[in-house]
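What follows is a single structure, written as structure tokens, with notes after it.
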Amino acid sequence: MALPTYDEVVAKWDPVLGLEVHVELNTNSKMFCSCATEFGAAPNTQTCPVCLALPGALPVVNEKAIESTILIGLALNCKIAPYSRFARKNYFYPDMPKNFQISQYDEPICFDGYVDVEIETEEGPKQFRIEIERVHMEEDTGKSLHVGGATGRIHGADYSLLDYNRAGIPLVEIVTKIVPGTGKYAPEVAKAYVAELRDILRGLKVSDVKMEQGSLRCDANVSLKPIGSDVLGTRSETKNVNSLRSVERAIRGEMIRHAELLNDGKKVKQETRHFQEDTGLTRSGRSKEQAEDYRYFPDPDLVPVTPAAAWIEELRATLPERPSLRRKRLKEEWSVPDKEMAAMINADVLDIVEATVLLGADPTKARTWWLGEISRIANEKELPIAELSITPAHVAELVELVAKGELTDKLARQVVEGVVAGEGTPSEVVAKRGIKVVNDDGALMAAIEKVCAEQAETAEKVRGGHLPAAGALIGAVMKETKGQADAARVRELLLGHLGVN
Amino acid sequence: MINKTAAEMADSLAKGETSSVELTQAHLDRVAAVDGQVKAFLHVDSEGALAQAKEVDARRAKGEKLSPIAGIPLALKDVLAQKGVPTTAGSKILQGWLPPYDSTVVSKLKSAGVVIMGKTNMDEFAMGSSTENSGYGPTFNPWDLTRTPGGSSGGSAAAVASFESPLAIGSDTGGSIRQPAALTGIVGVRPTYGAVSRFGLIAYSSSLDQAGPFGRTVLDTALLHEVMAGHDPKDATSINAPVPAVVAAAKSGDVKGMKIGVIKQLQGEGYQKGVQTRFDESLQVLADLGAEIVEVDCPSFEYALAAYYLIAPSECSSNLARFDAMRYGLRTGDVDGASAEAVMSATRNAGFGREVKRRIILGTYALSSGYYDAYYGSAQKIRTLIIQDYAKAFAQAEVLVSPTAPTTAYKIGEKVDDPMAMYLGDVATIPVNLAGICGMSLPAGLADEDNLPVGFQIMAPAMQDQRLYQAGAALEAALLSKWGAPILTKAPELKGAK
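Chains as they are written, first to last, in this note's numbering: chain G, 443 to 943; chain Y, -17 to 480.
Right, here's the structure in full:
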């Protein structure tokens, strides 16, 4: 049978989702030792007896990691357990030094929450509530690099290299309850959920949330049941989903794969699958039919986590505005069209634009600068916009200079270039580069007369009422005045000179 | 010089009658002379010890304020990591491992100027009661070289009993300090759980393990206890409270008016006649000193052994998972094409001894899905019942007492093929570990039938360790005056001794 189309799939089958998101916290030190956590350090330089599991070494909980986890729980409307414990998840794997992972099992620190997400549908915006089962703490494993062999996996490799820098980095796992009722929107809802989580976590400043660096990782569980049925189908768990777009693609792909099997009367295997970025398909991983026995038990080296109620309330009071509400508010306050709002979110400039507006800049102008010229420079330099040396204060100053007529938009772009090059504030760049608007009507008139004489034919057309021809003359005048003239003023004087209004 | 107590040696050092270098050399000479028969040490660090001794002598010469036991030699159980010194936990799987860090206990010893002479033999990963489970051969009891010194800290106990070292450190998970102290006629204390940092103590059973001191007298043991105990931020289970005043208690040694509870379940049937007799006599001595003896009932103790042999193996099955040939220690089977899994398996098969494997398998089973509640879960409930039994008993008495071990030292090889018989030797010591409280064993004399030492166990509530020393010192003084000489003077001379 042919692969069913997505529309055929959702006409017959109802998808049920379950999402597990792993977040690396951005604490300065690891979960159970004082090793540094910086990304990208030389292999095995951020290790110690504890995270290498040397004989006799003991873990001690990083308080900051607990605080971050509670903040996440609160932001996801969870209850915070007054008593929770760490458990050992026992299994052998070379990148896990202790051969057990310290995690939480039946006593997670946060539980029973929800996140509301909104997606655009043909019928307009639609809201979905994603219920959160639990938020718990655990430690990351090291990284293995399997060399040789076809699959890049441990089986068949010639040898493997191990980097324990990541071993013991604090991880928070956020697990949803099963998410039914999303129908044909399942892939978009999942994507919106992960995006919303990312924004919430970023707002809390507890993680770098960089999917490409693995600080935010998503495992997507998908199953299909016949529309109208209450019986859940067999699920597959797709790992290695490393971008928002991949979340959507992976779920869509799995829905189609499941439907094909089910349409053929075959069974879906309960297994782990790996998402392939290049093909958008998933590849079979470890079979989960025989559930692995992790022999969880409370970690006897650690004491229970018992956050005081007063502390939890203190943390709750520090929660920032929910990202979705904030976006709604800013959109209204700034009267931004939907498309532009989406562009700002995609370009990740919302914070920086808001900061610029708070310094007095006009929202539209601030947005245009950040989204336009400055984003262009950032792309060109392949740098995140925040790493350019131009700040919201610079942009606010620039907007003001333009508003006062001291700069034209064109000149202002030169100023931006100077600020990015580290030449100082906009005023300093203006002073150093000697940039100023030519406001001397006499000088402008001289240039206009010169240009009209040189391009007499064009001037004649304009005089005859063919206004579009004026552009060429204005351009020439601007060139003549080295771009320092105000184009609007040039136009005004030119048209006056040629006797048209 | 080596026959003195640590307190006397400290006094000689303070007065300048001897130096730490001389003292250390004398003990190293003793080790050279007799350890071929006793086999207390796995590694003797002569060079390191003499360097430490020299440094302490220099600090003393400069008039620095030193700890009361600065310059005194000590034997360290091989379960504690010492930077740059071979540390094996008695296992082949760690042969040749040189720790890159010091355990907190070792750091404390070093800063107190205690001279660490070397690492002592033990049952592999502290699993055993006779030191016969060591990967490097057994230790022999200085009282009778055909017998075991007990275990798992048998090397440390034998070193002190044979005058190879005045002080030693052991670890006690189910009686591994108190039982060898009993079998070799010395004093051993298992401090309250959390009183001594476990950082750098190679874990057997994390919720039960606790390092503690050995000495030939109650006071010597207290001097070491005070140096090694104290809060450690590197151990999450470490108690953040002042160290109980154990030295002061050992010096006062008074039981007048003290209520002493005899645990009904830990005497009588199953206890060797000579052990019971010496225990009863000691009780009478305490009564004569003005203590009030009461009997207490601890019905749940009947299940202690069963609970212990579920909890300890469960924890060890996880704790010992790290020995996988990947980062340190033994690696075998790493031939062309062998998978990581195959190398791990071959190494663990070659590196672990039978008892360790037995306990890993037992623990793995007890934690398995579907069996967890019946085994590990039930064992934890028994643990709670034992804690409750102690709470009730301590409401009636300040300290509780029992024989330390049901028998005196047995022959090497006598129980190796009968693990249950071996496990039963821990019946009186295990409840202390399960409840996380403290216990001491001190000599109560020799059993009439075999002329071997009998241990008297004293137990006190958590963080009331000073009560052990207060009662122990009183009993020790009364028995000493009764015997006329320390018990170890009755031990036979070892061959080669000067």
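Even for Gly, the Cβ is constructed at its ideal location relative to N, Cα and C.
| message | Since PRO539 of chain G and GLY584 of chain G should fall inside the 8 Å C-beta cutoff, what is the C-beta to C-beta distance between them, to a whole number of angstroms? | response | Walking along the first sequence from the start, residue 539 of chain G turns up at place 97. Walking along the first sequence from the start, residue 584 of chain G turns up at place 142. Going by Cβ atoms, the distance from PRO539 of chain G to GLY584 of chain G rounds to 7 Å, so yes, they are a contact pair.
| said: Assuming contact is defined by CB atoms lying nearer than 8 Å, are THR0 of chain Y and ALA35 of chain Y in contact in what I supplied? | reply: Here the question's residue 0 of chain Y lines up with position 18 in the second sequence. Here the question's residue 35 of chain Y lines up with position 53 in the second sequence. For THR0 of chain Y and ALA35 of chain Y, no; Cβs fall outside 8 Å.
| said: If I measure Cβ to Cβ from GLN488 of chain G and keep anything under 6 Å in the same chain, skipping five residues before and after, which residues do I get? | reply: Looking up residue 488 of chain G in the first sequence gives position 46. CYS477, ALA478 and ASN607.
| query | On the premise that THR130 of chain Y lies in contact with GLU114 of chain Y, defined as a C-beta separation below 8 Å, what is that separation, rounded to the nearest angstrom? | reply | As a position in the second sequence, residue 114 of chain Y is number 132, starting the count at 1. As a position in the second sequence, residue 130 of chain Y is number 148, starting the count at 1. About 6 Å separates the two Cβ atoms, so the contact holds.
| message | Suppose you measure from the CA of THR721 of chain G to the CA of SER688 of chain G; what does that come to, to the nearest Å? | response | By 1-based counting over the first sequence, the position of residue 721 of chain G is 279. By 1-based counting over the first sequence, the position of residue 688 of chain G is 246. Cα-Cα distance, rounded: 11 Å.
| query | Along the stretch 325 to 354 of chain Y, what residues have a CB closer than 8 Å to any CB found in chain G? | reply | MET326, THR346, LEU349, SER350, SER351 and TYR354
| query | If ALA141 of chain Y sits next to PHE107 of chain Y, beta carbons under 8 Å apart, how far is it from one beta carbon to the other, in whole angstroms? | reply | Walking along the second sequence from the start, residue 141 of chain Y turns up at place 159. Walking along the second sequence from the start, residue 107 of chain Y turns up at place 125. With 8 Å as the limit, ALA141 of chain Y and PHE107 of chain Y do not qualify as a contact, their Cβ atoms being about 20 Å apart.
| request: Could you have a look at ASN682 of chain G and say whether DSSP puts it in helix, strand or coil? | output: Counted from its first residue, the first sequence places residue 682 of chain G at position 240. Strand, per DSSP.
| Which residues, taken in chain order from the stretch 520 to 550 of chain G, show a beta carbon closer than 7 Å to some beta carbon of chain Y? | ARG530, ASN532, PHE534, PRO536, PRO539, LYS540, ASN541 and PHE542
| task | Count the C-beta pairs between the stretch 223 to 230 of chain Y and the stretch 200 to 208 of chain Y that are closer than 8 Å, then say yes if the count reaches three, no if not. | result | yes
| Complete alpha helix (DSSP H) runs within the stretch 118 to 164 of chain Y (minimum length 4 residues, chain order) | 136 to 143
| field | Helix, strand or coil at SER545 of chain G [DSSP, three-state] | value | Residue mapping note: residue 545 of chain G aligns to position 103 of the first sequence, counting from 1. In the structure shown, SER545 of chain G sits in a strand (DSSP, three-state: E or B).
| In the stretch 595 to 634 of chain G, which residue ranges form an unbroken beta strand (DSSP E) of at least 3 residues, counting only runs that do not cross its ends? | 601 to 605 and 612 to 618
| DSSP bridge partner residues for ARG172 of chain Y (one or two, in chain order) | Counting from 1 along the second sequence, the entry for residue 172 of chain Y is found at position 190. BP columns for ARG172 of chain Y point to Y:GLY421.
| query | How would you call MET326 of chain Y, buried or exposed, if buried means at least 16 neighbouring beta carbons within 10 angstroms? | reply | Here residue 326 of chain Y is taken as the residue at index 344 of the second sequence, counted from 1. MET326 of chain Y comes out buried.
| Pick from Y:MET445, Y:ARG42, Y:ALA143 and Y:GLU396: whose alpha carbon is nearest that of HIS213 of chain Y? | In the second sequence, residue 213 of chain Y corresponds to position 231, counting from 1. Considering only alpha carbons, the answer is Y:MET445.
| Going by the beta-carbon positions, is the gap between ILE159 of chain Y and PHE196 of chain Y smaller than 8 Å? | On the second sequence, residue 159 of chain Y is found 177 positions in, with the first residue counted as 1. On the second sequence, residue 196 of chain Y is found 214 positions in, with the first residue counted as 1. Yes, they are a contact pair.
| request: Rank G:ASP793, G:SER831 and G:ALA803 by C-alpha distance to the C-alpha of ASP641 of chain G and give the top, closest one. | output: Here residue 641 of chain G corresponds to residue number 199 of the first sequence, with the count starting at 1. The shortest C-alpha separation from ASP641 of chain G is found at G:ASP793.
| task | Can you check DSSP and say which residues form a bridge with GLU562 of chain G? | result | As a first step, residue 562 of chain G is located in the first sequence; it is residue number 120 there, counting from the start. DSSP lists G:PRO567 as partners of GLU562 of chain G.
| Under a CB-based cut-off of 8 Å, is ALA218 of chain Y close to chain G? | If you number the second sequence from 1, residue 218 of chain Y lands on position 236. So, interface residue.
| query | Quick one: Cα of LEU772 of chain G to Cα of SER726 of chain G, how far? | reply | Against the first sequence, residue 772 of chain G aligns to sequence position 330. Against the first sequence, residue 726 of chain G aligns to sequence position 284. Going by the C-alpha atoms only, they are around 44 Å apart.
| field | Integer-rounded CB distance, given that GLY167 of chain Y should sit under 8 Å from ALA143 of chain Y | value | On the second sequence, position 161 is the one that residue 143 of chain Y refers to. On the second sequence, position 185 is the one that residue 167 of chain Y refers to. ALA143 of chain Y to GLY167 of chain Y, Cβ: 6 Å. Contact.
| request: Quick one: using the 10 Å Cβ neighbour count with 16 as the cut-off for buried, is ARG336 of chain Y buried or exposed? | output: Translated into the one-based positions of the second sequence, residue 336 of chain Y becomes position 354. When all chains shown are included, ARG336 of chain Y counts as exposed.
| message | If you reduce the DSSP assignment to three classes, tell me which class GLN439 of chain Y lands in. | response | The residue labelled residue 439 of chain Y in the question sits at position 457 within the second sequence. Correct three-state label for GLN439 of chain Y: strand.
| task | Return the CA-CA distance between ALA945 of chain G and ALA898 of chain G, expressed in angstroms with no decimal places. | result | No information on residue 945 of chain G is available, as it lies outside the stretch 443 to 943 that chain G covers here.
| Can you find a heavy atom of the ligand GDP that lies under 7 Å from the Cβ of VAL398 of chain Y? | As for the ligand GDP, it is missing from this structure, which has no ligand bound.
| Closer than 8 Å to chain Y by CB, SER602 of chain G | On the first sequence, residue 602 of chain G is found 160 positions in, with the first residue counted as 1. Closer than 8 Å: yes.
| request: Select from G:ALA789, G:ASN519 and G:LEU674 the residue whose C-alpha is nearest the C-alpha of ILE620 of chain G. | output: For the purposes of this step, residue 620 of chain G is identified with residue 178 of the first sequence, where counting begins at 1. The shortest C-alpha separation from ILE620 of chain G is found at G:LEU674.
| Three-pair Cβ contact test at 8 Å for the stretch 756 to 772 of chain G versus the stretch 539 to 552 of chain G | no
| request: Flag this pair as yes or no: are the beta carbons of LEU32 of chain Y and VAL96 of chain Y separated by less than 8 Å? | output: By one-based count along the second sequence, residue 32 of chain Y stands at place 50. By one-based count along the second sequence, residue 96 of chain Y stands at place 114. Taking 8 Å as the Cβ cut-off, LEU32 of chain Y and VAL96 of chain Y do not qualify as a contacting pair.
| message | Is the beta carbon of CYS520 of chain G closer than 8 Å to that of ALA609 of chain G? | response | Taking the first sequence and counting its residues from 1, one reaches residue 609 of chain G at position 167. Taking the first sequence and counting its residues from 1, one reaches residue 520 of chain G at position 78. No, Cβ-Cβ distance for ALA609 of chain G and CYS520 of chain G is not below 8 Å.
| field | CA nearest to the CA of PHE26 of chain Y, picked from Y:VAL38, Y:GLN19, Y:VAL16 and Y:LEU10 | value | Numbered from 1 along the second sequence, position 44 holds the residue referred to as residue 26 of chain Y. It is Val, not Phe, that sits at residue 26 of chain Y in the sequence shown. When each option's Cα is compared against that of VAL26 of chain Y, the closest is Y:LEU10.
| field | First and last residue of the uninterrupted alpha helix (DSSP H) at PRO668 of chain G | value | Translated into the one-based positions of the first sequence, residue 668 of chain G becomes position 226. Counting along the chain, PRO668 of chain G falls outside any alpha helix (DSSP H), though it belongs to the beta strand (DSSP E) covering 658 to 668.
| request: Assuming ILE514 of chain G and VAL577 of chain G form a contact by the criterion Cβ under 8 Å, report the distance between their Cβ atoms to the nearest whole angstrom. | output: Here residue 514 of chain G refers to the residue found at position 72 of the first sequence. Here residue 577 of chain G refers to the residue found at position 135 of the first sequence. Yes, ILE514 of chain G and VAL577 of chain G are in contact; Cβ-Cβ is about 6 Å, under 8 Å.
| said: Please tell me whether ARG737 of chain G has its Cβ less than 8 Å away from any Cβ of chain Y. | reply: Along the first sequence, one-based indexing puts residue 737 of chain G at 295. Taking Cβ atoms only, chain Y reaches closer than 8 Å to ARG737 of chain G, which makes this a yes.
| query | Between the stretch 293 to 307 of chain Y and chain G, which residues of the former have a C-beta closer than 7 Å to a C-beta of the latter? | reply | SER296, GLU297, SER300, ALA303, ARG304 and ASP306
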